[in-house]
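In my numbering, the protein residues as written are 613 to 790.
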């Protein structure tokens, strides 16, 4: 049976300038830009190039998706900005996946917590590993879920193959630097 992959990525580290009024408009911090590029490089190095990228339209998620796509040499028209992802809970994220996964063997969804953590808990057949601080989806983290057949939305239908955080890659050494 053919396998499919769902890549879940939390937006990279954001900034909150004093003059900014809306959470939606928060830009990436300098570290966030580096981490987004680093995670794009990691995806490329591991052959995890999505057919389609679906991202929250919030500035920090949009910038993360665009940096990753640039690193993967995917055409920007392969990014869809879906308004439902911003501030989404589990139900909305499942609807987004159902709407976009049909023609995709590897789908990358860029979004926000706590929705992404709820989604992983719902889809994963076993609980994924947390970092040493007890965190699951830190900023710019990528969870790789594998499905038998098409990407699914049923509880426990996916298997977490990897959950990688930028901090782990930074520790790995200079060859993984951006």
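Glycine residues also receive a C-beta, built at the ideal position from the N, C-alpha and C atoms.
Being a predicted model, the structure only gives us computed values, none of them experimental.
If you check the CB distance, residue 757 and residue 736 come in under 9 Å. Residue 686 sits in coil when the DSSP states are folded into three classes, being neither helix nor strand. The criterion of a C-beta distance shorter than 9 Å is not satisfied by residue 754 and residue 719. One Cα belongs to residue 650, the other to residue 613, and the distance between them is close to 32 Å.
Rounded to the nearest whole angstrom, the C-alpha separation of residue 744 and residue 683 is 28 Å. Contact check between the region 764 to 774 and the region 624 to 642: fewer than three CB pairs, one atom from each, fall below 8 Å, which does not count as touching. Per the C-alpha coordinates, the member of 623, 721, 716 and 711 positioned closest to residue 615 is 716.
Of the candidates 710, 655, 724 and 762, 655 places its Cα closest to the Cα of residue 685. Between residue 712 and residue 676, the CB-CB gap reaches or exceeds 9 Å.
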